[in-house]
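Report on the following structure.
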Amino acid sequence: MDNISIWKEELRSVAREEKVKILSSFFKTGKGEYGEGDIFIGIPVPVNRSVSRHYHSLPLDQIKEMLHDPIHEFRLAGLLALVEAYKRAKGDRDRCHEIYEFYLANTSCCNNWDLVDLSSQYIVGEYMLLTGDDSIVRSLAKSDNMWERRIAIVSTLAQVRKGQLVTAVDIATMLLDSQADLLQKATGWVLREVGKQDEARLRTFLDLHAATMPRTTLRYAIERFTPEQRKHYLSLRSPQQQQ
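Read in order, the letters of the sequence shown correspond to residues 1295 to 1537 in the numbering used here.
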């Protein structure tokens, strides 16, 4: 058996059939939903990671086979192996660049929120930290593809954890008019993390935008505030926006 066949066989051996219906519902695979038609075989993320991190050294063209598999957990497996490969490449700038470029060339495989969230910040985000260049997330934030816009905002978490907040706040501002629930949630999540690093910075942002930003984004952003603070920012919204 070749490497990919062995990898898939190992993953299938830890799949749990009773998880399939739960995961399919959780990731909205029904008709008209954002994950319509996606296929699950029932592998919890920690189990997938424990298997797939051992395949980090495979050639990228083999990992690509996993990234474009119709089975959701196989695509995730490829991403988890790629994340592990990037982690092990620290100090090897050329290898980091190679993995980063490969990831960007295959963003079409990141077509659900877990696939984005478990990969983008650890590859795109870490590469931004390495180079100081945030041009790619500024470009992705303007993409017509919702998942690429989510990659843009979630990737900034790597910088936020290091106290570098400018890019995160800028990308959040760019996405404030988004109508997609999954982008509103991601933007609010990142803003909340900004607040953990610098609450004054978050409050300044909210003073400017709370009255007009999506309710979902606002609620996520103010989760760690006191009840009085949350009430204040929610009260800034117009009666129509309170709906």
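Where is the CB? At the ideal position from N, CA and C, for every residue including glycine.
Alpha carbon to alpha carbon, how far is K1436 from Q1537? Give it in angstroms, no decimals. In the sequence shown, residue 1537 corresponds to position 243, counting from 1. In the sequence shown, residue 1436 corresponds to position 142, counting from 1. Any reading at Q1537 must be qualified, since the residue scores a pLDDT of 49, below 50, and its modelled position is unreliable; no value is offered.
Counting beta carbon pairs with one atom in the segment 1316–1330 and one in the segment 1379–1399, are three or more of them shorter than 8 Å? no
What does the alpha-carbon distance come out to for the pair E1312 and P1338? Start at 1 with the first residue of the sequence shown, and residue 1312 comes out as number 18. Start at 1 with the first residue of the sequence shown, and residue 1338 comes out as number 44. For E1312 and P1338, the distance between alpha carbons rounds to 11 Å.
6 Å CB neighbourhood of M1360 in its chain, flanking five on each side removed: Within the sequence shown, residue 1360 is the residue found at index 66, counting from 1. If we look at M1360 and ignore the five residues flanking it on each side, its Cβ neighbours are F1368, A1371 and G1372.
Taking just the CA atoms, how far does L1434 sit from L1469? Here the question's residue 1469 lines up with position 175 in the sequence shown. Here the question's residue 1434 lines up with position 140 in the sequence shown. Straight-line Cα distance between these residues: approximately 11 Å.
By the DSSP assignment, the alpha helix (DSSP H) with N1297 in it spans what residues? Numbered from 1 along the sequence shown, position 3 holds the residue referred to as residue 1297. First-last of the alpha helix (DSSP H) with N1297: N1297 to S1307.
Could you check whether L1423 and A1452 sit closer than 8 Å to each other, using their CB atoms as the reference points? On the sequence shown, residue 1452 is found 158 positions in, with the first residue counted as 1. On the sequence shown, residue 1423 is found 129 positions in, with the first residue counted as 1. For A1452 and L1423, yes; Cβs fall inside 8 Å.
If L1477 sits next to R1443, beta carbons under 8 Å apart, how far is it from one beta carbon to the other, in whole angstroms? The residue labelled residue 1477 in the question sits at position 183 within the sequence shown. The residue labelled residue 1443 in the question sits at position 149 within the sequence shown. Yes, they are in contact, since the Cβ atoms of L1477 and R1443 sit about 6 Å apart, within 8 Å.
Just list the alpha helix (DSSP H) runs in the segment 1415–1445, keeping only unbroken ones of 4 residues or longer that don't cross its boundaries, in chain order. 1420–1425 and 1429–1434
R1486, buried or exposed, once every other Cβ within 10 Å from all chains shown has been counted against 16: Mapped onto the sequence shown, residue 1486 falls at position 192. Burial call: buried.
Classify V1484 as buried or exposed, calling it buried when 16 or more other Cβ atoms lie within 10 Å of its own Cβ. In the sequence shown, counting from the first residue as 1, residue 1484 sits at position 190. V1484 comes out buried.
Check whether the segment 1371–1385 and the segment 1348–1355 are in contact - that is, three or more C-beta pairs closer than 8 Å. yes
So, with DSSP's three-state summary, where would you put I1393? Here residue 1393 refers to the residue found at position 99 of the sequence shown. If DSSP states are grouped into helix, strand and coil, I1393 belongs with the helices.
Quick one, which of T1506, P1508, G1426 and L1496 has its alpha-carbon nearest Q1523's? As a working mapping, residue 1523 is identified with position 229 in the sequence shown. Minimum Cα distance to Q1523 is reached at L1496.
What's the call for M1507, buried or exposed, on a 16-neighbour Cβ count within 10 Å? Here residue 1507 refers to the residue found at position 213 of the sequence shown. So M1507 ends up on the buried side.
Exposed or buried, what is L1459 when buried is set at 16 or more other beta-carbons lying within 10 Å of its beta-carbon? The sequence position of residue 1459 within the sequence shown is 165, counting from 1. Buried.
What does DSSP give as the partner residues of I1335 in its beta bridges? Against the sequence shown, residue 1335 aligns to sequence position 41. For I1335, which the question treats as bridged, DSSP gives no partner whatsoever.
If you draw a straight line from the alpha carbon of Y1380 to that of S1413, how long is it in whole angstroms? In the sequence shown, counting from the first residue as 1, residue 1380 sits at position 86. In the sequence shown, counting from the first residue as 1, residue 1413 sits at position 119. About 10 Å.
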